[in-house]
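Protein chains in written order, with the working numbering: chain A, 353 to 518; chain B, 353 to 518. Don't be surprised by glycine CBs; every beta carbon is placed ideally from N, CA and C. Accompanying notes for the structure given below.
So this is what it looks like as C-alpha cells:
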C-alpha cells in the first residue's frame, strides 16, 4: 500500500497508481482545518467555485451531501459540456465516500473515498482514493489528463481558503 | 478475468475470487426472464421475500431503486439483528450498480454490479461482482460464510419464480 508517510508535504497534489489494486491515490495539503475541507466538499455553492479545471464553468444540478444522497454536475467550456454524476454513500466530517461516473462512459463507475487528516499548524492533508473495477479503467483515468482538473481545482480551493471564503 | 463462458450452467451459485482485482464474482442461472430478475431486485416487497439466509427475517427500511436512490435493510433472528445499507448508482433493466456496507464495519464499502444475461429457453444468468478496496477485505468476505445467504436467498428466489410470484 502506498503511504503518505514517506513524503513530508504535498503543496501540490501527488497523483499515484496503487501498486496492488486498481486505485488512484491523491494526496494534497491545504492551509485549512478538516472542517473547512469538509465544508468545501459538501456545500454545493463552495464546491461549484473550485472544482474542475480553470477556464471551465461548473454547474451543479444536484448536491445532496448526506448518507444516501446523490450528486450531478456539468463542466463546460464554449465548445463542450461534460456531465458527471454519482451517489454519496458516507458523509462524515472525517470521511466522504461517493460513487463517480463520467456520463460519457455510463457503465464505468469508480468508488471514491476522501479523508481529511489534521496535520497541526492549521494544515490538513486530503487523501483521495478512486477505486476502479479494472487496471485498464484505472490507467485510462491516469492517461486522461485528470491532473489538470485536480491541480487547477485545488489551486482554486487554496485561493478560496486564503480569501476567507470557506 | 474470470469468464462465465468456461462453464455450461450455474444451477447453484458459483462464488469465485477474481484473480487480478479485489472482486468477488457470483454466477447463478434462473428459470426467469431478465425482466423478472430485475423486478426481484428492485421491488422491495419481492426483495424482502428472498434475500438473505433462510430462517432469518429481512425487513426493508428503504429501497429506492433508481439512479441516485438509497437502500437499507435489517436481517434478524431471535438472537441478533444485522443491518446493511447503500446507494443505487445505476438501475437499468440489464444492470444494477450499488454500494454495500454492513453497518458493523461502517468504513468498509463494496461496489456491486449485477447484470442479467438472457440465455434463451426462459433462462437468465445473473452475474454479480463485488469490488472491495483491498484483497484482505475481499478475502474476509469470502471467509465470512456469505455463501449461506447467497445460496439460500437464490433458492428462495427460485421458489418465488416457480410459484409465479415474480
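At a CB-CB cut-off below 8 Å, which residues of chain A make contact with residue i?
i	result
residue 441/B	438, 439, 451, 453 and 461
Note down, in chain order, every chain A residue with its Cβ under 7 Å from the Cβ of residue i.
i	result
residue 486/B	373
Taking Cβ-Cβ distances shorter than 8 Å, what residues in chain B pair up with residue i?
i	result
residue 483/A	463, 483 and 485
Skipping 5 residues on each side, what residues in its chain have a beta carbon closer than 6 Å to that of residue i?
i	result
residue 477/A	381, 469 and 471
residue 400/A	410 and 412
residue 464/B	450, 452 and 482
residue 429/B	408
CB-CB under 7 Å to residue i, same chain, minus the five flanking residues each way: which ones, in chain order?
i	result
residue 388/A	513 and 518
residue 402/A	392, 505, 508, 509 and 512
residue 501/A	404 and 405
residue 417/A	394, 440 and 443
residue 445/B	386, 387 and 390
If we ignore side chains and look at the alpha-carbon of each, how far apart do residue i and residue j end up?
i	j	result
residue 453/B	residue 455/A	25 Å
residue 361/A	residue 379/B	46 Å
residue 499/B	residue 366/B	9 Å
residue 503/A	residue 364/A	7 Å
residue 515/B	residue 410/B	20 Å
residue 390/B	residue 397/B	13 Å
residue 488/A	residue 432/B	42 Å
residue 497/A	residue 491/A	11 Å
residue 373/B	residue 479/B	16 Å
residue 450/B	residue 474/A	37 Å
residue 385/B	residue 415/B	22 Å
residue 481/B	residue 368/B	10 Å
residue 353/B	residue 371/B	Confidence in residue 353/B is poor, its pLDDT being 41 and thus under 50, which makes the residue's placement too unreliable to answer from.
residue 408/A	residue 427/A	6 Å
residue 459/B	residue 434/B	16 Å
residue 438/B	residue 422/B	6 Å
residue 467/A	residue 485/B	15 Å
residue 447/B	residue 424/B	20 Å
residue 436/B	residue 383/B	28 Å
residue 462/A	residue 462/B	11 Å
residue 457/B	residue 457/A	31 Å
Counting only the same chain and skipping the five closest in sequence on each side, list residues whose C-beta sits under 8 Å from that of residue i.
i	result
residue 330/B	Missing from the structure shown is residue 330/B; chain B here goes from 353 to 518 and no further.
residue 494/B	367, 369 and 376
Going by the C-beta, is residue i closer than 8 Å to any heavy atom of the ligand PLP?
i	result
residue 498/A	The ligand content of the structure shown is nil, which means the ligand PLP is not present either.
Practice prompt. Output, in sequence order along the chain, the residues in the segment 411-437 of chain A whose CB is closer than 9 Å to any CB in chain B.
Written response: Against chain B - using a Cβ distance shorter than 9 Å - the residues of the segment 411-437 of chain A are 414, 416, 419, 420, 421, 422, 423, 424 and 437.
Practice prompt. Counting only runs of 4+ residues fully inside the segment 436-477 of chain A, write out the alpha helix (DSSP H) ranges in chain order.
Written response: Within the segment 436-477 of chain A, no complete alpha helix (DSSP H) segment of 4 residues or longer occurs.
Practice prompt. Identify every run of the beta strand (DSSP E) within the segment 363-451 of chain A, keeping only runs that are complete inside it and at least 3 residues long; order them along the chain.
Written response: DSSP runs (the beta strand (DSSP E)) wholly in the segment 363-451 of chain A: 366-369, 375-382, 409-415, 421-428 and 433-444.
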